[in-house]
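> After the structure tokens below, expect a handful of questions from me.
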Amino acid sequence: MSRKAWNCWPSWPTRCRPPQRAAWLAYAILDGTLIPIDRLADERPYYSGKHKQHGVNVQLLADPVGRLVWASPALPGAVHDVSAARTVGLIDALTSAGVKTFADKGYQGAGGTIRTPFKRHRHRPGLSRSQRDVSRAHARICAIGERAVATLKSWKVLTKLRCCPHRATALVQAILVLQLIEEGRYSG
């Protein structure tokens, strides 16, 4: 899978691009989720070692209240969160738009305007008190973003996809539009 194969932004309408959808926010919350799928003949790229199951990885942007703002195309489950965000060009787009984004430790080293909590290293002493306080405050912000993941996964069709994984992107985008309509935030 090349970067160009998954970078669909040039063909997207302007209103669907993450920087335009998130630029008006004070900050955005970035999180990834694995949507379970049935096993495939070519199962290796879809197996997530972290979750110990087959699935597709979807990156989500949430607003400060925890509502869905944007969802990425579905990538194979073996792709890590930071790699998935880079593959779809999300990190570069958010950085160029100047959107301050909070993410969990899965995005460590993403750079740009992506803010992650402090991480304790294996052979070093624990975090200082101020680092722990900052990480705790960061976790409070990211916990709000988990609400967006819960909103997406509350749709029964995503409990386990029994269709081709390539259809997952269309399903997630349709659910995003339906959710925006339900909340009265859909702009056409």
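Position one of the sequence shown corresponds to residue 13 (this note's numbering), numbered consecutively onward. For every residue, glycine included, the Cβ atom is placed at its ideal position computed from N, Cα and C. Please read all numbers here as calculations on a predicted model, not as lab measurements.
Can you give me the Cβ contacts of tyrosine 59 inside the same chain, cut-off strictly under 7 angstroms, excluding the 5 residues immediately before and after it?
His66, Gly89, Ala90
> Spatial neighbours of proline 48 within its chain, please: CB distance less than 6 angstroms, with the 5 preceding and 5 following residues excluded, ordered by chain position.
Gln65, Gly67, Lys172
> Pair every Cβ in the stretch 93-111 with every Cβ in the stretch 177-189, then say whether three or more of these pairs are closer than 8 angstroms.
no
> Can you tell me whether serine 95 is helix, strand or coil according to DSSP?
helix
> Just curious, the alpha helix (DSSP H) that valine 189 is in, first and last residue?
Counting along the chain, valine 189 sits inside the alpha helix (DSSP H) bounded by residues 180-195.
> Have a look at Leu170, Lys117, Arg141 and flag the residue whose alpha-carbon is nearest the alpha-carbon of lysine 131.
Lys117
> Quick one, are the C-beta atoms of alanine 86 and leucine 72 less than 8 angstroms apart?
Taking 8 angstroms as the Cβ cut-off, alanine 86 and leucine 72 do not qualify as a contacting pair.
> Let me know if alanine 122 comes out buried or exposed under the rule of 16 or more other beta-carbons within 10 Å of its beta-carbon.
buried
> Helix, strand or coil for arginine 152? Go by DSSP, reduced to three states.
helix
> Which of the three DSSP states is assigned to valine 70 in this structure?
strand
> For glycine 44, write down the residues that DSSP places opposite it in a beta bridge.
Gln71
> Just the C-alpha distance for alanine 96 and alanine 38, rounded to the nearest angstrom, thanks.
24 angstroms
> Could you tell me the alpha carbon to alpha carbon distance between aspartate 75 and lysine 62, rounded to whole angstroms?
Answer to the nearest angstrom: the Cα atoms are 26 angstroms apart.
> Comparing alpha-carbon positions, which option in Gly157, Gly196, Val70, Ala149 lies nearest histidine 178?
Val70
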